[in-house]
Every structure is written in C-alpha cells, then in structure tokens.
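Engineer: Dumping the structure here so I can ask a few things about it.
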DNA sequence: CTTGACCCTATAGTCGATAGAGGGTGCAGC
DNA sequence: GCTGCACCCTCTATCGACTATAGGGTCAAG
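Chains as they are written, first to last, in this note's numbering: chain A, 1 to 131; chain B, 132 to 262.
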C-alpha cells in the first residue's frame, strides 16, 4: 500500500468520506497531495493521524480536545502532565454525565411505573410530567 | 398574576428569554397576545405548557418527542399506551447511553492509570490513544 | 427628560457531522 | 472508441437546541 484514495482511507478507519473532507476543512487532517485527476492521495501518516482522531472521538473527546491532543502528541519532549490532565478532566466529565443520566433513568422508571393503563386523562404519566 | 412578560415567564420557568421565543418560532409554544407596545403577554396556560416542556427537556426528551407528548396530553380520551411507550423507549435510550458512557469511563480510567509521568514521548497515554 | 432595564426583530453562529446538487475521473467490458 | 458505473470533486444547506449579536423600540422611576 503506497497511497490511499479517500474512499480507501474511509474504509480503513470506519469513517465517512465526507467526514474526512470535513476534518481537512477544519484543519484537523492535513490536506494530502492530489493525483493528476485531482483526487486526494493519502499515505500512512494520514492513516495514523486519522485513526488517532477517530479513537479520541470514540472516547468522547471534542474535536478541539483532539486538536490539542494531536499537538501535544507531537511534542515528544514535553512533560506529559498536560495530556494526563486532559484525559482526567474528560473522565470527570463522563462520570458527571453518567450520574446525570442515572438520575434521569430513575425518574423515568418512576414515571413509567405510575402508568396503570386507561385513557390519557386517567394516566399518571402526563401528571408526572407536569409538576 | 394576570399576565406575564416574557422575562417574568422566563424567571418562573428557569428558561432563557431567547429560548421562549425560539419555542414560539418552532410552534411549540403558542404565540401569545401582545401589549400596546408589542410586548408578549403570557397567561397561566402558557406557564403550564412551558413548565411541561421544560420538565420533558430536563428528562432528556427531544423537542419532537415533547411535541408529541403535548399533543397526546391534549387528547384526554385516548388510550395512554402511546404515552407510556414514548417514556419506555426513552428510558431504554437513556440506559443505553449510560452503558456506553460507562465503557468510555472504564477505558479512560485505564488510559489514565497507564501514565507514569515523564515526557510525552515516554507517556503511555498517547500510545493508548493510537491503537 | 433622561437613564436603565426590559422588550422587539432579524441574522448568524455553535458542534460534528450529514445530505444533495451538479459535475469530473478512471476503469472494465463490449 | 464508447458506454456504464463506481468513485471522486466542490459548494451549499441542513440537523438539534439553542446562543449571540446588531440595531432598534418601550416603559417606569427619579
């Protein structure tokens, strides 16, 4: 494998073609050289970088955080404190989201349990939604 | 209380003024009568309806689901099965989201634990993000 | 009569893509 | 050579649920 078309890169990273072009437009993925017919030609470095991006996205980092992580990962001499701090902050965020959703789920279960059938007029669900 | 200004309604429902106007624009909240000076004047019914909307939003329903719930809540003679089904489906959704986030959190904890300090070059975090 | 808090409309921006229009490229088979 | 098809190109618009900004008008207190 020497060069990849955008479609091949998309297939290799489980990303949509339009998404790759989008990443290029916002400067997350460098614009690759083009073929005679103006097709994008990607190399291993693009593949690596895109995999990194997708992995970070799958972990819930925002594109801005990914951008930061990419920059940090390039400065190999730098202290890794900043990287760890980004990961930790994101973990806290995810844990807060889980806690919030668990409260929601509990409430929804309570509301669901209040249903005894019958008409909407008799049903307690609508009531439960109008406190 | 006979009539509420948009600001008063916002304060009473912990909603932003712009959000109320937005709900009106998308047809979720009926356009209220206006004062001589073209100010919106809200009544109890608007307050009730907006509270319902906000409560549903706080429970994570989309605005389209809220729209549906509002319609259903008006048909008091209807069987409440549809309402219960909406709530249950949403609960399943929330539970799935929790499960997803828990996987993320576990992964992030694993990645975080792999950090032993030092430079970015030595740090395992970046590695862990480039599988 | 001025100040300041509130209200009005209209438009554009956020995030992370996704969709569609309207066209060009490259290759296989006939 | 020619046709068909999959793939590629750019550009613009759309999604959800708001948020922000510009450029005004209204109203009550001092």
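The beta carbon of each residue, even a glycine, is placed where N, CA and C say it ideally should be. Quantities reported herein were computed from a predicted structural model and do not represent experimental measurements.
Does DSSP put residue 210 (chain B) in a helix, in a strand, or in coil?
Structural biologist: strand
Engineer: What runs of the alpha helix (DSSP H), each 4 residues or longer, lie entirely inside the segment 133-209 of chain B?
Structural biologist: 137-144, 148-156, 175-189 and 194-205
Engineer: Tell me where the alpha helix (DSSP H) around residue 258 (chain B) begins and ends.
Structural biologist: 255-259
Engineer: Hey, is residue 90 (chain A)'s beta-carbon within less than 8 Å of any beta-carbon in chain B?
Structural biologist: Residue-level contact by beta carbon holds for residue 90 (chain A) and chain B, with a gap shorter than 8 Å.
Engineer: Closest to residue 30 (chain A) by C-alpha separation, out of A:131, A:118, A:70 and A:61, would be which residue?
Structural biologist: Taking the Cα of residue 30 (chain A) as reference, the smallest distance to any Cα among A:131, A:118, A:70 and A:61 is reached at A:70.
Engineer: Pick out whichever of B:139, B:241, B:237 and B:252 has its Cα sitting closest to the Cα of residue 181 (chain B).
Structural biologist: The option with the nearest alpha carbon to residue 181 (chain B) is B:139.
Engineer: Taking beta-carbon pairs under 8 Å, can you tell me which members of the segment 164-186 of chain B lie near chain A?
Structural biologist: 179, 182, 183 and 186
Engineer: Report the residues of the segment 246-259 of chain B with a CB closer than 8 Å to any CB of chain A, ordered along the chain.
Structural biologist: 246, 248, 249, 250, 251, 252, 253, 254, 256 and 257
Engineer: Run through chain B and tell me which residues come within less than 7 Å of residue 79 (chain A), C-beta to C-beta.
Structural biologist: The contacting residues are 250.
Engineer: What's the gap between the Cα of residue 245 (chain B) and the Cα of residue 84 (chain A)?
Structural biologist: 10 Å
Engineer: Would you say residue 236 (chain B) faces chain A, with C-beta separation under 8 Å as the test?
Structural biologist: A Cβ of chain A is located within less than 8 Å of the beta carbon of residue 236 (chain B).
Engineer: Tell me the rounded alpha-carbon separation between residue 44 (chain A) and residue 3 (chain A).
Structural biologist: 8 Å
Engineer: For residue 60 (chain A), which residues in chain B fall below 7 Å Cβ to Cβ?
Structural biologist: 235
Engineer: Do you know offhand how far residue 129 (chain A)'s Cα is from residue 33 (chain A)'s?
Structural biologist: Taking the straight line from one Cα to the other gives about 56 Å.
Engineer: Looking at residue 172 (chain B): is its Cβ nearer than 8 Å to the Cβ of residue 87 (chain A)?
Structural biologist: no
Engineer: Taking one C-beta from the segment 246-258 of chain B and one from the segment 75-83 of chain A each time, how about it: are there three or more such pairs within less than 8 Å?
Structural biologist: yes
Engineer: I want to see whether chain B comes within less than 8 Å of residue 28 (chain A), judged by CB atoms only; does it?
Structural biologist: no
Engineer: With a threshold of 16 other CB atoms inside 10 Å of the CB of residue 193 (chain B), please say whether the residue is buried or exposed.
Structural biologist: exposed
Engineer: Give me, in chain order, the residues of the same chain whose beta-carbon lies closer than 8 Å to that of residue 187 (chain B); leave out the 5 immediate sequence neighbours on both sides.
Structural biologist: Exclusion of the five residues before and after residue 187 (chain B) leaves 196, 197 and 200 as the residues of its chain whose Cβ lies within less than 8 Å of its Cβ.
Engineer: Which value, in whole angstroms, describes the spacing of the CA atoms of residue 35 (chain A) and residue 6 (chain A)?
Structural biologist: 12 Å
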